[in-house]
Amino acid sequence: MSATTQDRGAASRTQGMERSRQSKQSLGEIIWTALAALCLILALVPLFLVLTYVTVRGIARLDWAAFTNLPPPPLADIEGGFRNALIGTLIMVGLGALISVPFGVMAAIYLSEFSQTGKIARWIRFATNVLSGVPSILMGVLVYGLVVLTTNTYSAVAGGLALAVLMLPIIVRTTDESLQIVPKSVRWASLGLGSSRYQMVLRVVLPAALPAIATGLTLAVARAAGETAPLIFTALFTQFSFNGFFSPTASLSVLVYNFATVPYENQVELAWAASLILVAIVLITSIVSRWVTQKSVY
Amino acid sequence: MNGTHSVNQGAERREAVLPPREAREKWLDRGFVLATRLFAIGVAAVLILIGVQTAIDGWPAIREFGLGFLYSSAWNPVTNNYGALPMIYGTLMSSAIALLFAFPLGVGTAIFLSENFLPLKFRTPLIFMVELLAAIPSIVYGLWGIYVLIPFLQPIGQWLHENFGGFILFSTRYIGPGMFPAGIILTIMILPIITAISRDSLASIAPSLRQASYGLGATRWTTIFRVLIPSAFSGIIGGTMLALGRALGETMAVTLLIGNSNNLNFSILAPANTIASLLANQFAEASGLQVAALMYAALVLFLLTFVVNVLAEMIIRTVKPY
Chain A
32 MSATTQDRGA ASRTQGMERS RQSKQSLGEI IWTALAALCL ILALVPLFLV
82 LTYVTVRGIA RLDWAAFTNL PPPPLADIEG GFRNALIGTL IMVGLGALIS
132 VPFGVMAAIY LSEFSQTGKI ARWIRFATNV LSGVPSILMG VLVYGLVVLT
182 TNTYSAVAGG LALAVLMLPI IVRTTDESLQ IVPKSVRWAS LGLGSSRYQM
232 VLRVVLPAAL PAIATGLTLA VARAAGETAP LIFTALFTQF SFNGFFSPTA
282 SLSVLVYNFA TVPYENQVEL AWAASLILVA IVLITSIVSR WVTQKSVY
Chain B
1028 MNGTHSVNQG AERREAVLPP REAREKWLDR GFVLATRLFA IGVAAVLILI
1078 GVQTAIDGWP AIREFGLGFL YSSAWNPVTN NYGALPMIYG TLMSSAIALL
1128 FAFPLGVGTA IFLSENFLPL KFRTPLIFMV ELLAAIPSIV YGLWGIYVLI
1178 PFLQPIGQWL HENFGGFILF STRYIGPGMF PAGIILTIMI LPIITAISRD
1228 SLASIAPSLR QASYGLGATR WTTIFRVLIP SAFSGIIGGT MLALGRALGE
1278 TMAVTLLIGN SNNLNFSILA PANTIASLLA NQFAEASGLQ VAALMYAALV
1328 LFLLTFVVNV LAEMIIRTVK PY
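Protein chains in written order, with my numbering: chain A, 32 to 329; chain B, 1028 to 1349.
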């Protein structure tokens, strides 16, 4: 019954120059499609495994004490926490943003607004892209040479500076792109009303691009919060509370690094809990920024 | 005649209302433009500074060991004798393993997500999920790798050694941390880069090319292999180069999984080291000539990633003018 309808369908399809389902090409098509789908599945399996594993292992230890206590010594019977690491991460990421945002936004304003010939701008965009490909550990090496060796101490300032270098190319690129989306007519209108160039940029173009710039900044902050490599030999780590900008400072990511390979169960548990926080930061900012970029001002 | 007159009159009136800009404001304006220009140049300067700083701080080691540093396999802080061959081998080998797996997987994923195999409303979240893979912090991959990936790869590593043990790459037993798990974690981490850029370049192919191919009677996959992939080829290669740059310098996940052994061992089942993990492990406790040697190693890594990234940017730029 169904075979007859299929046959009739095949006959009419042949007239419409369709390939028959049994042809050699069709079989190949199906195999290739299945292979491509398999690639996607293989790519996404680790994502699910990482997310579920981190959630399950992390949530077990993510209680109030985790946020209020200091890291526990090995084998201690007290409930430790990562208060100092959380504060340290906030301080150093804040410091990094404080340095890199004005720097990066100013640079992006030049690239998108004032580079008339475009030649310098082309090179600087090129350098920005290359800088964003430089391994993050080299940001740490740079700051180690510039700051740690001269001040003779690991510090929150050094860590913040390393994160600033890491965030800089991300901020330049996203700001540059967001400024370019603002229509030319808005600039002409502003200049036509008699504003000078800095008034045009600061009062008209920048506010118009602000949501997109903020999105880029959020992504940069999320990226910096999870970075470990630039911090391990600039900010180092400490078991104790934050002790000023010029002493070693703990961070969540370095805590995970230090506690990942120890044989002490209480410290390993804390590493999983800290990982969960890092993953949550990234997840939330990614989703929110995606949601925000769907709305635009102009 | 009449028109000129009225225009002149208009100009006079405007001047009466709007005085010319004050000198102070003109300077402010010029100063602002100049400041933005300085900051822009500053971004490029940071890039150069990384190279210069590591070269200066590494100078004692560069003078002491010269180019022999690159092919000597001694790394001995006790006798102050340093060579980076095991780490250079580890860096290149772990990246090669990662590319070997990530290239086909990444391009396959990109094809699946850029063609209309699935309706757009399913594709969009899947694309987002692949992007998310790139956003997860490296250290989290490392922690996960220790507890999940290393035990998971145990039977595979054992099988490789038992069946292909004569081959130098599998000549040692799988003991856990080593090049193999590090290469696999790198695969997971660089795959989204290859996918994202390949997908971009596949999506930017003019629709007329695809239509022409279908019009000639080509099947979907003939179109993909003969028309779409060749058109997007430079984009795919550019994305792969970018991914290679990332793999060469990836630090935390690799450090936790590679075993950090400074002895040269060609087997991928044995513990090894990369330049980035060497820096991560030793910088905080280094002093004297060891710091210089580490700086020298950092310079090697910088130059390596610099060249790869510059090539990647040049290839991608020919595809998509940024």
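The beta-carbon is built from N, C-alpha and C at its ideal position, and this holds for glycine as well.
Straight-line Cα distance separating residue j from residue i
| i | j | result |
| --- | --- | --- |
| Ser221 (chain A) | Val232 (chain A) | 9 Å |
| Ala139 (chain A) | Thr206 (chain A) | 6 Å |
| Trp972 (chain B) | Thr1063 (chain B) | Since the displayed chain B opens at 1028 and closes at 1349, residue 972 (chain B) lies outside it and no answer follows. |
| Ala41 (chain A) | Ser57 (chain A) | Note on Ala41 (chain A): pLDDT 47, under 50, position unreliable in the model; the coordinate value appears next. Computed Cα separation, rounded: 14 Å. |
| Leu82 (chain A) | Ala1162 (chain B) | 12 Å |
| Thr1151 (chain B) | Asp1227 (chain B) | 14 Å |
| Asn1292 (chain B) | Leu78 (chain A) | 31 Å |
| Thr269 (chain A) | Glu1312 (chain B) | 15 Å |
| Ala239 (chain A) | Pro133 (chain A) | 17 Å |
| Gln211 (chain A) | Ala152 (chain A) | 13 Å |
| Ile1077 (chain B) | Val76 (chain A) | 37 Å |
| Pro1104 (chain B) | Gln1317 (chain B) | 6 Å |
| Ile1343 (chain B) | Gly1265 (chain B) | 5 Å |
| Ser1258 (chain B) | Leu1236 (chain B) | 9 Å |
| Ser1225 (chain B) | Phe1310 (chain B) | 37 Å |
| Tyr295 (chain A) | Trp303 (chain A) | 13 Å |
| Ser1033 (chain B) | Val217 (chain A) | Because the pLDDT at Ser1033 (chain B) is just 48, under 50, the model does not fix this residue reliably, and the point stays unresolved. |
| Asn1336 (chain B) | Thr64 (chain A) | 32 Å |
| Tyr1168 (chain B) | Asn297 (chain A) | 20 Å |
| Ser226 (chain A) | Val236 (chain A) | 12 Å |
| Gly176 (chain A) | Glu60 (chain A) | 57 Å |
| Ala1230 (chain B) | Phe1139 (chain B) | 11 Å |
| Ala1209 (chain B) | Ala1125 (chain B) | 9 Å |
| Leu1180 (chain B) | Val213 (chain A) | 50 Å |
| Trp95 (chain A) | Asn274 (chain A) | 23 Å |
| Leu129 (chain A) | Met123 (chain A) | 10 Å |
| Gly1315 (chain B) | Leu1326 (chain B) | 17 Å |
Other residues of its chain near residue i: CB distance less than 8 Å, five sequence neighbours each side excluded
| i | result |
| --- | --- |
| Pro261 (chain A) | Ser167, Ile168, Met170, Gly171, Val174, Gly190, Ala193, Leu194, Val196 and Leu197 |
| Arg1273 (chain B) | Met1216, Ile1217 and Ile1220 |
| Thr184 (chain A) | Phe277, Ser278 and Pro279 |
| Val299 (chain A) | Phe290, Ala291 and Val293 |
| Tyr1098 (chain B) | Gly1110 and Leu1112 |
| Gln230 (chain A) | Ser221 |
Chain-ordered chain B contacts of residue i [CB-CB under 7 Å]
| i | result |
| --- | --- |
| Val203 (chain A) | Val1070 |
| Tyr288 (chain A) | Ile1166 and Met1279 |
| Phe157 (chain A) | Glu1340 |
7 Å Cβ cut-off: residues of chain A touching residue i
| i | result |
| --- | --- |
| Gln1080 (chain B) | Leu173, Gly176 and Leu177 |
| Phe1207 (chain B) | Going along chain A, no residue has its Cβ under 7 Å from Phe1207 (chain B), so there is no contact; the nearest lies around 16 Å. |
Run of the alpha helix (DSSP H) containing residue i, from where it starts to where it stops
| i | result |
| --- | --- |
| Pro238 (chain A) | Leu237 to Gly257 |
| Tyr1168 (chain B) | Ser1165 to Trp1171 |
| Ser221 (chain A) | Lys215 to Gly223 |
| Gly1315 (chain B) | Unbroken run through Gly1315 (chain B): none, as it is neither H nor E. |
| Pro200 (chain A) | Ala187 to Ile212 |
| Phe157 (chain A) | Lys150 to Gly164 |
| Asn1308 (chain B) | Ile1302 to Gln1309 |
| Ser167 (chain A) | Ser167 to Val174 |
| Met231 (chain A) | Taken as a continuous stretch (DSSP letters only), Met231 (chain A) belongs to no alpha helix (DSSP H), as it is neither H nor E. |
| Leu262 (chain A) | Note, Leu262 (chain A): premise wrong, no alpha helix (DSSP H); not H, not E. |
Contacting residues, own chain, Cβ-Cβ under 6 Å from residue i (five flanking each side not counted)
| i | result |
| --- | --- |
| Leu286 (chain A) | Phe113, Ala116 and Ala305 |
| Ala1088 (chain B) | Ala1319, Ala1320 and Tyr1323 |
| Thr45 (chain A) | Residue confidence for Thr45 (chain A) is low, a pLDDT of 46 falling below 50, so the modelled location carries little weight; the figure read from the coordinates is stated next. Correct list: empty, nothing qualifies. |
| Ile315 (chain A) | none |
| Ala243 (chain A) | Ser209 |
Contacts that residue i makes with chain B (C-beta to C-beta distance below 9 Å)
| i | result |
| --- | --- |
| Gly119 (chain A) | The premise fails here: Gly119 (chain A) is roughly 15 Å from chain B at the closest Cβ pair, so nothing lies under 9 Å. |
| Ser317 (chain A) | Phe1155, Glu1158, Leu1159 and Ala1162 |
Contact set between residue i and chain A, taken where Cβ atoms lie within less than 9 Å
| i | result |
| --- | --- |
| Asp1056 (chain B) | Ser227, Arg228, Tyr229 and Gln230 |
Closer than 8 Å at the beta carbon, the chain B residues around residue i
| i | result |
| --- | --- |
| Val263 (chain A) | Checking the sequence, you will find Ile at residue 263 (chain A) rather than Val. Residues of chain B passing the Cβ test: Ala1307, Phe1310 and Ala1311. |
| Pro238 (chain A) | Correct list: empty, because the minimum Cβ distance to chain B is about 16 Å. |
| Ala65 (chain A) | The contacting residues do not exist; Ala65 (chain A) stays about 10 Å from chain B at best. |
| Leu210 (chain A) | Neighbours of Leu210 (chain A) on chain B: none; closest Cβ ~11 Å, over 8 Å. |
Residues that residue i contacts on chain D, provided the C-beta gap is smaller than 9 Å
| i | result |
| --- | --- |
| Ala187 (chain A) | Here the protein chains are A and B, and chain D is not one of them. |
Contacts around residue i, its chain only, beta-carbon distance under 7 Å, and the 5 residues preceding and following it disregarded
| i | result |
| --- | --- |
| Gly1286 (chain B) | Pro1204, Gly1205, Pro1298 and Ala1299 |
| Pro104 (chain A) | none |
| Glu1277 (chain B) | Ser1165, Leu1213, Met1216 and Ala1303 |
| Gly247 (chain A) | Ile201, Ile202, Thr205, Thr206 and Ser209 |
| Leu1338 (chain B) | Met1268 |
Cross-chain neighbours of residue i in chain A, by beta carbon under 8 Å
| i | result |
| --- | --- |
| Ile1256 (chain B) | Within 8 Å Cβ-Cβ: nothing; Ile1256 (chain B) doesn't reach chain A, min ~12 Å. |
Problem set entry | Length-filtered (4 minimum) alpha helix (DSSP H) runs lying within the region 1058 to 1138 of chain B | 1086 to 1092 and 1095 to 1098
Problem set entry | Complete runs of the alpha helix (DSSP H) confined to the region 1259 to 1299 of chain B [at least 4 residues] | 1260 to 1276 and 1279 to 1285
For this session: Note down, one range per segment and in chain order, each alpha helix (DSSP H) of at least 4 residues found wholly within the region 1167 to 1253 of chain B.
Result: 1177 to 1191, 1206 to 1230, 1234 to 1242 and 1247 to 1250
Problem set entry | Segments of 4+ residues assigned as alpha helix (DSSP H) that fall wholly inside the region 59 to 147 of chain A | 95 to 99 and 114 to 140
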